[in-house]
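Enquirer:
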Amino acid sequence: MNNQYFRYKSGLCFYCRIIFILLYCDSNRKAVKEMENTEILAIYGKDYKDMTKKLLEEACLASRIPDKECRIGIKPNLVSPSDPSRGATTHPEIVAGIIEYLQERGFHDLVMLEGSWVGDKTEETARLCGYYDLSEKYGVDFLDMQKDSYETYDC
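In the working numbering, the protein residues as written are 948 to 1102.
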């Protein structure tokens, strides 16, 4: 069986390396320490943007990106058109923290991308959750992957 990857027309290639960052928003406890490759960093509170930036700093994310010219895709979870405070979508302040962290360190080829699940429209969810506002504020495109085409390649 051949492995396959998908190259979307937007020029992004999905690759299976994941950095786990958990945000617990129900208490004021803090649990941040130096990150090893197998660790999960956690932080508690309600200031989502600053918490995100702090976690990314503690994880030394910028040093893990090989080149400041890399195109970086930020993929929030926009399952359905509901207010981010209900937990069904990634809060836009978390993505704002990611964007600010990266831009402050010289990474500028950023893009947000998402395709909501079957039955919901990404555009509606992104608008309701404020992702088009984020796009305008930070100069970062938002790509609706429901509208993108792809080609399949054998590896």
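C-beta atoms are modelled at their ideal positions from N, C-alpha and C, and glycine is treated no differently. Values in this document were obtained by computation on a predicted structure and should not be read as measured data.
1. Between the stretch 1003 to 1013 and the stretch 1026 to 1037, do at least 3 Cβ pairs fall closer than 8 angstroms?
2. Can you give the Cα-Cα distance for Leu1008 and Asp1067, rounded to whole angstroms?
3. Starting from Ala1009 and walking both ways along the alpha helix (DSSP H), at which residues does that stretch end?
4. With a CB to CB cut of under 8 angstroms and the five nearest residues on each side skipped, what residues in its chain are close to Val1058?
5. With Asp1080 as the anchor, note down where its alpha helix (DSSP H) starts and where it stops.
6. According to DSSP, which residues form a beta bridge with Ile987?
7. With 16 as the cutoff for other CB atoms within 10 Å, does Pro1013 come out buried or exposed?
8. Rounded C-beta distance between Tyr1085 and Ile1046? I'm assuming under 8 angstroms.
Expert: Looking at the coordinates:
1. no
2. 32 angstroms
3. Leu1008 to Arg1011
4. Ser957, Leu959, Arg1018, Ile1019, Gly1020, Ile1021, Val1087, Asp1088, Phe1089 and Leu1090
5. Tyr1078 to Tyr1085
6. None, per the DSSP bridge assignment.
7. exposed
8. 5 angstroms
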